[in-house]
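All residue numbers for the sequence shown refer to this note's numbering, where the first residue is 1 and numbers rise by one.
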Amino acid sequence: NLDELERLTDRVAILSQGRLQRVVSAGGAHQGGAYRLVLAQPVPGLAESFADAVPVEGRSSEYRVSGTLKELNERLARLLAGGATIAAFYPEQSRLESEFRAAVKEGGS
């Protein structure tokens with residue numbers, strides 16, 4: 001469980017096919033990417049703040065959004081200013097999971 005590993009460790013060595021691919025400092029901040037946005041209720045102004053929002057199938061008021069941290073913060077501020085209530089906002093993958101996938105892909109090439 002990479003999420004738990006990220007909470008418990010300072011550094012993680014990623015091995016692929018018996019070779020060290022990289023050492024990652026766990027618990028670091030995300031630099032942007034794909035996130036999940038969950039609203040307490042539908043918001044008419046969502047498209048103005050998050051034009052790229054993609055609804056998550058089978059989940060009402062949950063969307064996939066992406067961008068840099070600066071862009072995401074600005075968009076969230078606009079959404080909140082418009083009266084939205086955000087129930088959750090979290091990365092689709094932990095930073096460690098992203099690093100792991102990239103390392104394994106590099107090691108398998």
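Just so it is clear, CB atoms sit at the ideal spot from N, CA and C, and this is done for glycine as well.
These figures come from a predicted structure and were not determined experimentally.
Option nearest residue i by Cα separation, candidates the options
| i | options | result |
| --- | --- | --- |
| residue 43 | 60, 35, 33 | 60 |
| residue 99 | 86, 22, 34, 58 | 22 |
| residue 41 | 101, 91, 79, 90 | 79 |
| residue 92 | 86, 34, 51 | 34 |
| residue 84 | 67, 8, 48 | 48 |
Close Cβ partners of residue i (< 7 Å) along its chain, the five nearest in sequence each way excluded
| i | result |
| --- | --- |
| residue 96 | 2, 5, 6, 12, 24, 26 |
Residue(s) in a DSSP beta bridge with residue i
| i | result |
| --- | --- |
| residue 13 | 23 |
| residue 88 | 38 |
| residue 62 | 38 |
Residues near residue i in its chain [Cβ-Cβ closer than 8 Å; skip 5 each side]
| i | result |
| --- | --- |
| residue 56 | 36, 62, 63, 64 |
Outcome for residue i when other beta-carbon atoms lying within 10 angstroms are tallied against a minimum of 16
| i | result |
| --- | --- |
| residue 39 | buried |
| residue 86 | exposed |
What ranges does the beta strand (DSSP E) occupy inside the region 32–56, keeping only unbroken runs of at least 3 residues that lie completely in it?
The qualifying runs are 32–39.
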